[in-house]
Amino acid sequence: MNKNEFKHWSEIKYLKDIVTNPLIEVGDYSYYSGYYDNYSFEDGCVRYLWGDEKSRSLFNPIEEFGWQIDRLIIGNYVCIAGGVVILMGGNNNHHSEWITVYPFVDQIKHSFEPKGDTIIESDAWIGMNAMIMPGVTIGEGAIVAAGSVITKDVAPYTIVGGNPAKEVKKRFSEEEIAKLKEIRWFDWKRESIEAATHLLSSSSIDELYEYYLREIKD
């Protein structure tokens, strides 16, 4: 079976098992749930990012044009639902300040401008059919509501929704968020995480913080 093929809606694919593009960096246990779209992660969810096998065989804009291609960086334990679109560099060739936005072939090498890396930090959840525009950072523990369009950075542990997406609320208090940013549970060794799943799957940040001080922090 094709490693990108989904057999059922309940199936997920760990990104480390399916990503081949050298411009996509993925962390541990981050997954894509793409059954309803029938697209692979690199050929449907991620769009217009040079570096997949086919685009590498056609041309090399880094060597030929000297372009600096934006990267997609995904942390650990990120959840990406079906229908999500991560829009990368392809639209950077359309210039609103030029007379025409049409990308004439003989001007392509002059028209590209990098937007900056797109970053989805650890433990973020990207809801179904959300679109992430180029160059934004989605902070750790953030939640992007289904159908949202992300046009600017999302703060850690914040829920956003809408088009363009706006803050709905913080998931926790500022004091609790500070503790979570210190803990960074998603960077722990897997055995330490497995020993603390009962705490991670609760609302008791204080108990998790005590575990961190007792078992993790040097």
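Sequential numbering of the sequence shown, starting at -12, is according to our numbering. Ideal placement from N, C-alpha and C gives every residue a C-beta, glycine not left out.
Your pair residue 140 and residue 105 does not check out as a contact, with CB atoms roughly 11 Å apart and the cut at 8 Å. Bounds of any alpha helix (DSSP H) do not take in residue 106; it lies within the beta strand (DSSP E) bounded by 105 to 107. Looking at the DSSP output, residue 112 sits in a beta bridge with 66 and 130.
By the beta-carbon neighbour count (other beta carbons within 10 angstroms, threshold 16), residue 199 is buried. Annotated three-state conformation of residue 192 is helix, per DSSP. Per DSSP, reduced to three states, the secondary structure at residue 16 is coil, with no helix or strand assignment. Where residue 165 is concerned, the enclosing alpha helix (DSSP H) starts and stops at 161 to 170. For residue 37 and residue 43, the gap between their C-alpha atoms comes out near 7 Å. Taking one beta carbon from each stretch, the stretch 146 to 153 and the stretch 171 to 188 have fewer than 3 pairs nearer than 8 Å; the two do not touch.
Sorting 69, 204, 48 and 23 by C-alpha distance to the C-alpha of residue 99 places 48 at the top. The stretch 60 to 77 makes contact with the stretch 12 to 20, as at least three CB pairs between them are under 8 Å. In the three-state scheme derived from DSSP, where H, G and I count as helix and E and B as strand, residue 1 is classed as strand. Cβ-Cβ distances below 6 Å link residue 11 to 59 in the same chain, with the five nearest sequence neighbours on each side left out; the list follows chain order. In summary, residue 135 is buried, with 16 or more beta-carbon neighbours lying within 10 Å of its beta-carbon over all protein chains present. Residue 41: member of the alpha helix (DSSP H) spanning 40 to 45, first to last residue.
With respect to residue 129, residue 65 sits apart: the two C-beta atoms are not nearer than 8 Å.
Taking a C-beta distance under 8 Å as the contact criterion, residue 126 and residue 108 qualify as a contact pair. Residue 0 counts as buried, since at least 16 other C-beta atoms from the protein chains shown sit within 10 angstroms of its C-beta. By the C-beta density criterion, residue 195 is buried, having at least 16 other C-beta atoms within 10 angstroms.
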